[in-house]
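A short write-up of the structure that comes next.
Protein chains: 2
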Amino acid sequence: MTTNRQIILKDYVKGFPKESDMILKTSAIDLKVPADGGAAVLLKNLYLSCDPYMRLRMGGIHDSFYYTSSFTPGQPIVGLGVGRIVDSSHPEFEKGELVWGMTKWEDYTLIQSVGSLFKITNTAVPLSYYTGILGMPGVTAYFGFFEFCAPKEGESVFISAASGAVGQLVGQFAKSKGCYVVGSAGSEEKVDLLKNKFDFDDAFNYKEETDFNVALKRCFPKGIDIYFENTGGKMLDAVLLNMKMKGRIAVCGMISQYNREEPEGVRNLFQMVAKRIRMEGFIVFDHYHKYNEFSDKVQSLLKQGKISYVEDITEGLENAPSALIKLFHGANVGKQVVAVARE
Amino acid sequence: MTTNRQIILKDYVKGFPKESDMILKTSAIDLKVPADGGAAVLLKNLYLSCDPYMRLRMGGIHDSFYYTSSFTPGQPIVGLGVGRIVDSSHPEFEKGELVWGMTKWEDYTLIQSVGSLFKITNTAVPLSYYTGILGMPGVTAYFGFFEFCAPKEGESVFISAASGAVGQLVGQFAKSKGCYVVGSAGSEEKVDLLKNKFDFDDAFNYKEETDFNVALKRCFPKGIDIYFENTGGKMLDAVLLNMKMKGRIAVCGMISQYNREEPEGVRNLFQMVAKRIRMEGFIVFDHYHKYNEFSDKVQSLLKQGKISYVEDITEGLENAPSALIKLFHGANVGKQVVAVARE
């Protein structure tokens, strides 16, 4: 038997999650797939992904309200990750193979439903990239931008939470399409990253702006064609005032709203009529079947050095709760990852 | 010289418009197009149209906020209407012809920009129909529903302000497409009209419902595929909770918001992500070039008796202000028209 540390959700969360909402529990695990468990794989978790949507699963809200079910108090946090298969009774998976997909916040995870696992074949990039640029956030950014924003060369694109896992990629995809790209983020360090690392045309620190409408008018004197929405609330309201005719808003997420008891009201929706705006929500689930198209393209961009990617890696499973919490305070710089083990 | 009565906007309006915001002024007009005025037509106004968007033009809000410029205090109200040409210096228009398009709230109007005028060729229907089912509201309903809602047979459709000029037509178009159709309206009389005259599957009086979410769940236990949005505010919030996966919201207008100092906040926009909802605003201006396609179809439906249409006709230009105000209190039953003259 081997020690298996787990990060357990104590109870449903209200407001901002706190470290004390999760506890580290140590149990033991046999590193074998159970003989009577059907086709399954046993995963050694290497990297765990911290993603904004996870807050939705911590609240105990009825499934139908969100697109994802709640976590179970008393059980480990569930999330995306990268792992190595240490045992398998599944005909399509072999011991030693690397995968990414849905796993749990623990050292080892028995996965009886392998449907969400993608095999990792290219290991010339850091494995942690499969929690980000080559994983769920990458697929989100790629199809969210190219399908839902329907971008044209020369159009103006605004991205909120722009230095995050998804935002930084959307910005670079937009630049590659010949768009004028501006992002908002929550610190000078992030603004610097947007301008100098990711080559955005402009960026602003929303925490230093008293009026988002003024900030947007300064960056987009002629208005916004495309808004890639990651935050919701006040920023969306200000964007609506600054959209151009026939603008498009792709709604990826609304992180500014997830810790609120009640979401902020958005008041400027009539602008959708005045400007003939199209706003559409999307979820990455619906686009995983196109993973290879995405992967070929982005692996190639990475190889050619045409795309940058910034991660914020927290070391140690025991620090996973604080890593997750950083996300909701914008304390991470780039994609937030937890390194559980290196191999 | 002939007497020309005019309905003048006294000043910009705040809150609900009142009769005293408009005054009847009598002046005199020469029933001739001025010799030095370029190509123009002089119209005798027969029917004037009362439409919700007109409230947006009464507020003195900067043009860019809405899709239409403000009225000018001290000048007549501008709106759609049906008229007969009493004189013309324009090569394409002749004395005696009937037209519909942008005119003013007065007995006679000199139109120097004829771009918005459509000639009326079929006079087998009431001429007032060209302010409604065969005019702007008809084009709005037709393209708003068939293009923006992308309806499929068997889908469930919800329409707010459903007995109004646009709503009653959208509902009947949806029924003709084989959809399940429910409407909301503001009185028992209107609900009865929806169910028994326009053949909606169900309808409710929103003024009698304490919780729109409950009302919608009752009418749509399996959810809504298509929402044709005419009201905004609380109803939109409740609809968002009841949309089905991949639902569509066509935003035509938001009459419940036009008289408010500040629009209501809409809180449930995250449902757009959870349900992958598409919401799109549209304006009839963009679709007038397809008028003939629309007109052929709807004239034929009318001729075959396959479509019903209800108007609320107020007699006399002097009563136009009270007719317009009825609209914002939902006191009209069906399309609100003002009859200025019959021929």
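Chains as they are written, first to last, in this note's numbering: chain A, 1 to 343; chain B, 344 to 686.
Backbone N, C-alpha and C fix where the C-beta goes; we use that ideal spot for every residue, glycine too.
How big is the Cα-Cα spacing for residue i and residue j?
i              : j              : result
S27 (chain A)  : T3 (chain A)   : 6 angstroms
E362 (chain B) : K207 (chain A) : 47 angstroms
G183 (chain A) : D312 (chain A) : 19 angstroms
K25 (chain A)  : F488 (chain B) : 56 angstroms
Q299 (chain A) : L670 (chain B) : 59 angstroms
N585 (chain B) : P137 (chain A) : 28 angstroms
K438 (chain B) : D430 (chain B) : 5 angstroms
C219 (chain A) : T210 (chain A) : 15 angstroms
K335 (chain A) : D568 (chain B) : 36 angstroms
I8 (chain A)   : P73 (chain A)  : 7 angstroms
F628 (chain B) : R348 (chain B) : 29 angstroms
D364 (chain B) : A617 (chain B) : 45 angstroms
D36 (chain A)  : L134 (chain A) : 34 angstroms
D296 (chain A) : V338 (chain A) : 26 angstroms
K589 (chain B) : R619 (chain B) : 5 angstroms
M58 (chain A)  : Y108 (chain A) : 22 angstroms
A382 (chain B) : K353 (chain B) : 30 angstroms
Y485 (chain B) : S412 (chain B) : 25 angstroms
A505 (chain B) : L537 (chain B) : 7 angstroms
D30 (chain A)  : K217 (chain A) : 60 angstroms
A666 (chain B) : G659 (chain B) : 10 angstroms
Would you please verify whether the beta carbon of residue i is less than 7 angstroms from any beta carbon of chain B?
i              : result
V239 (chain A) : no
V273 (chain A) : yes
M235 (chain A) : no
M279 (chain A) : yes
L269 (chain A) : yes
G38 (chain A)  : no
Y67 (chain A)  : yes
V78 (chain A)  : no
G265 (chain A) : yes
V251 (chain A) : yes
Should residue i be labelled buried (16 or more other beta-carbon atoms within 10 Å of its own) or exposed?
i              : result
T140 (chain A) : buried
N292 (chain A) : exposed
V41 (chain A)  : buried
M622 (chain B) : buried
G305 (chain A) : exposed
T314 (chain A) : buried
E449 (chain B) : buried
N573 (chain B) : buried
V557 (chain B) : exposed
N196 (chain A) : exposed
E264 (chain A) : buried
A593 (chain B) : buried
Does residue i get closer than 7 angstroms to chain A when you measure Cβ to Cβ?
i              : result
E490 (chain B) : no
R603 (chain B) : no
F625 (chain B) : yes
R619 (chain B) : yes
M597 (chain B) : yes
G403 (chain B) : no
G458 (chain B) : no
P480 (chain B) : no
P360 (chain B) : no
G507 (chain B) : no
In the DSSP assignment, what are the bridge partners of residue i?
i              : result
R248 (chain A) : A:I226 and A:R278
N548 (chain B) : B:A528
E315 (chain A) : A:A339
F543 (chain B) : None, per the DSSP bridge assignment.
E449 (chain B) : B:Q349
F461 (chain B) : B:W443
R427 (chain B) : B:K387 and B:L441
P419 (chain B) : B:I351
V266 (chain A) : B:V609
T369 (chain B) : B:R348
V557 (chain B) : Paired residues: none, contrary to the question.
S392 (chain B) : B:V680
From the beta carbon of residue i, is the nearest beta carbon of chain C less than 7 angstroms away?
i              : result
P151 (chain A) : Considering every chain present, this structure includes no chain C. Its protein chains are A and B.
Legend entry - Cβ contact (3+ pairs, closer than 8 angstroms) linking the stretch 510-527 of chain B and the stretch 539-553 of chain B: yes
Inset, instruction - May I ask you to verify whether the stretch 119-130 of chain A touches the stretch 34-52 of chain A, counting CB pairs closer than 8 angstroms and requiring at least 3? - result: yes
Inset, instruction - Decide if the stretch 488-507 of chain B is in contact with the stretch 457-464 of chain B; the criterion is three or more beta carbon pairs, one per stretch, under 8 angstroms apart. - result: no
Inset, instruction - Please confirm if the stretch 419-427 of chain B is in contact with the stretch 444-455 of chain B, defined as three or more CB-CB distances below 8 angstroms between the two stretches. - result: yes
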